[in-house]
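Numbering (my numbering), first residue to last: 1 to 809. Please read the structure below before turning to the comments.
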């Protein structure tokens with residue numbers, strides 16, 4: 001921590017020296033306290049601030065209070081004492097000035113305190129109050145009143161840089177201002193300039209404010225990382241403090257992080273060490289307070305190649321296990337990330353998964369207000385078919401939210417206040433019911449075919465390995481990029497040697513080998529997940545698996561099953577599969593939100609939208625657009641608009657030049673002015689608010705909107721447009737899933753959903769009527785949606801049969 005002058009020293013220094021000069025970090029200027037300056041021959045030289053310093057000159061710095069001296073070599077260029085090499089002297093002077101022996105009190109040496117606030121010392125008595133203090137989650141904090149030039153965070157206007165910085169990282173500035181007392185210093189009088197342009201975070205410990213953290217904002221959403229951030233009261237070093245300790249000790253679980261923003265992401269049961277080092281005092285606090293509870297170590301993974309930094313979680317976990325037993329969970333974060341970089345749902349998914357692997361049961365009832373209410377809800381084992389899926393979903397959701405099954409949920413008031421009540425009741429809760437039902441029933445797979453494919457792929461991989469060795473002239477590992485590259489370079493023709501074609505032969509064989517290797521891995525994964533008693537797999541469906549709210553399917557991930565392997569998903573004897581797939585649902589959402597005349601007309605009259613778009617882009621009549629141009633150009637432009645494709649991306653996809661790609665997009669936007677205006681409006685709202693909202697109220701906070709890096713900023717703006725479209729399409733799919741689930745005959749079962757489609761298992765005698773019923777239910781436009789929906793149907797004995805049948809309907 002940089003040493004800065006204590007306020008009372010300014011009067012003493014001004015009284016003795018007149019005007020007191022300090023750096024922008026509150027440190028004294030070295031040249032004001034130089035008492036001797038000599039050249040390399042020992043001769044005294046003038047102490048002129050403006051002259052060039054010569055090599056070998058030295059100077060002596062002395063403290064005007066205690067007389068301590070420090071001799072240093074000077075530097076050899078014109079910057080003189082303003083060079084960064086004098087930083088050690090500035091720190092030495094500030095440290096010496098601040099020591100109480102300089103004020104005539106040699107009895108104690110105080111640590112530095114934040115200039116603005118006269119903070120209270122630690123209270124007397126035991127520091128640990130124990131986890132039994134659960135009565136009040138809101139612990140009153142005593143501290144000095146905020147000065148008039150420090151604005152409460154929640155009182156700042158929209159668009160303020162501090163609000164933009166917090167919104168860009170996914171935090172609610174109003175909540176932080178009201179609940180945690182954060183403020184922002186836009187201007188401060190002398191000598192408190194060090195607080196200027198910083199978000200100020202009070203640090204409370206044992207019901208007293210013992211320090212502050214300052215996070216400097218240099219511009220919209222940017223933070224300066226090389227300035228001092230921490231100030232604590234006299235006698236209260238950071239090593240004795242845990243941020244958010246007063247609130248976290250009322251829970252039986254503590255999630256240990258590095259910094260305050262990590263705690264904001266974790267929730268009220270998080271504590272911060274103010275760094276990556278766990279002191280003995282902090283270890284004692286954790287061990288004594290959570291002796292009968294659970295401690296989760298979730299420190300940043302930003303140690304680079306430093307093995308000690310990478311192993312900190314494990315090292316500290318082992319230290320705590322020796323004191324509190326095995327109820328210590330070690331969370332492995334992705335490399336280069338910290339908890340604040342992750343969404344709360346993602347972070348708690350990692351915590352819960354780590355606890356499961358290590359055999360620690362988290363108290364989900366107690367953590368109802370901490371774990372995201374729409375987070376992943378997974379049953380540890382496949383549910384037996386005789387259990388009602390609706391009851392399973394109710395029980396799992398009740399466990400995740402802390403409410404009784406079928407009764408009111410404790411989070412409903414918070415959801416309603418945030419405008420998310422309708423999204424939860426009408427979209428997410430029914431989708432979770434469907435997810436539990438699909439997992440409970442499972443999906444049938446062709447087990448004999450799986451076993452045959454496992455053998456066949458193994459044989460093919462062996463043969464391909466031999467062919468690659470023969471073509472390359474030596475044995476190589478086809479999975480190794482380095483070995484394959486070396487073999488191809490060796491075979492590549494030189495200017496003097498004509499090509500033999502062997503290098504292209506090796507390339508083709510390696511690509512085929514990797515394709516079969518991927519297929520073999522998929523088959524092996526499926527075989528390992530099959531319930532041998534029923535011949536079915538029970539996937540883990542996550543209705544909030546992506547930032548846009550789309551369903552994901554894992555364990556095993558059937559949504560990524562290659563098309564040529566979808567015949568492995570089969571119906572049981574006496575049944576057939578029905579697949580209903582929304583047609584161009586994302587483009588229909590674009591038509592609804594943009595109100596573009598051409599899009600609305602195309603979907604209202606049944607015009608081939610891809611052919612029309614290709615005609616507009618190519619400047620030819622629709623009748624002259626070939627099927628190839630329709631599929632290549634029309635689809636690329638339409639879906640490129642949805643996903644925010646740049647001219648460079650479109651040029652690469654179509655194999656054309658950048659100017660030609662720009663001309664294609666310009667032609668599209670000239671015709672679809674409603675789409676262009678909506679995209680500009682959505683981007684402006686995202687920059688203003690820091691988030692975007694889907695048709696049914698889902699919000700996505702966007703990171704990087706105010707980044708100085710153009711690539712990061714452009715990606716965030718593309719996400720803003722795509723989230724509204726893809727998120728609304730996901731909600732339409734969830735509403736349709738719920739309608740189908742409620743209306744189906746009990747003998748019919750939903751077994752799978754992939755993107756915009758559903759797969760239903762139907763008895764053969766009900767096939768015709770149920771297929772039309774499903775199509776009718778999905779074509780019914782949800783409330784508030786004005787564009788007609790279309791559904792493609794396919795039926796067959798396997799998933800592959802369904803998709804082939806849908807191509808000809």
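Idealized CB from N, CA, C, for every residue including glycine.
- Annotated three-state conformation of residue 256 is strand, per DSSP.
- In the structure shown, residue 544 falls within a coil segment according to DSSP collapsed to helix, strand and coil.
- The straight-line gap separating the alpha-carbon atoms of residue 546 and residue 475 is approximately 42 Å.
- Per DSSP, the continuous alpha helix (DSSP H) segment holding residue 247 begins and ends at 245-248.
- With at least 16 other beta carbons inside 10 angstroms of its own, residue 757 counts as buried.
- A distance below 6 Å between beta-carbons, with the five flanking residues on each side excluded, links residue 707 to the following residues of its chain, in chain order: 713.
- Taking 8 Å as the cut-off, the beta carbon of residue 438 is found no closer than this to the beta carbon of residue 766.
- Secondary structure note for residue 684: it is in no beta strand (DSSP E), and the uninterrupted alpha helix (DSSP H) holding it is 673-689.
- The shortest C-alpha to C-alpha distance from residue 333 to any of 164, 781, 262, 755 is the one to 262.
- Per DSSP, residue 657 lies in no alpha helix (DSSP H) segment and is marked neither H nor E.
- Closest in C-alpha terms to residue 581, from the list 286, 269, 790, comes 790.
- When C-alpha distances from residue 579 are compared across 181, 604, 260, 778, the shortest belongs to 778.
- A residue is called buried once 16 or more other Cβ atoms fall within 10 Å of its Cβ, and residue 365, having fewer, is exposed.
- Secondary structure at residue 295: strand, using DSSP grouped into helix, strand and coil.
- Where residue 362 is concerned, there is no enclosing alpha helix (DSSP H), because DSSP gives it neither an H nor an E.
- Here residue 611 is buried. Its C-beta has 16 or more other C-beta atoms within 10 Å.
- Non-local beta-carbon contacts of residue 553 in its own chain, meaning distances under 6 Å to residues more than five positions away in sequence, involve 539, 541, 559 in chain order.
- Beta-bridge partners of residue 214 (DSSP): 200.
- Going by C-alpha positions, residue 783 is about 20 Å away from residue 415.
- Secondary structure of residue 669 (DSSP, three-state): helix.
- Per DSSP, residue 330 lies in no alpha helix (DSSP H) segment; the continuous beta strand (DSSP E) that holds it begins and ends at 328-330.
- Comparing alpha carbon positions, the residue from 646, 667, 721, 669 closest to residue 658 is 646.
- In the three-state reduction of the DSSP assignment, residue 315 falls in the helix class.
- Across the structure, residue 550 and residue 730 are spaced so that their CA atoms are roughly 5 Å apart.
- Checking the DSSP bridge columns, you'll see residue 693 partnered with 699.
- Within the same chain, Cβ atoms closer than 7 Å to the Cβ of residue 738 are found at 430, 431, 434, the five residues on either side in sequence being excluded.
- In the same chain as residue 320, and ignoring 5 residues on each side of it, the C-beta atoms closer than 8 Å to its own belong to 283, 286, 287, 295, 297, 328, in chain order.
- In this structure residue 675 is in contact with residue 641, their Cβ atoms being roughly 7 Å apart against a cut-off of 8 Å.
- Per DSSP, the continuous beta strand (DSSP E) segment holding residue 753 begins and ends at 749-754.
- Beta-bridge partners assigned by DSSP to residue 759: 579, 752.
- By the C-beta density criterion, residue 206 is buried, having at least 16 other C-beta atoms within 10 angstroms.
- Apart from the 5 residues on each side of it in sequence, residue 535 sits with its Cβ closer than 7 Å to the Cβ of 444, 445, 447 in its chain, given in chain order.
- Linking residue 483 to residue 469 through their CA atoms gives a straight-line distance of about 12 Å.
- Rounded to whole angstroms, the separation of the alpha carbons of residue 728 and residue 623 is 33 Å.
- Annotated as proximal: residue 270 and residue 257, with beta-carbon spacing under 8 Å.
- The C-alpha of residue 204 lies about 12 Å from the C-alpha of residue 272.
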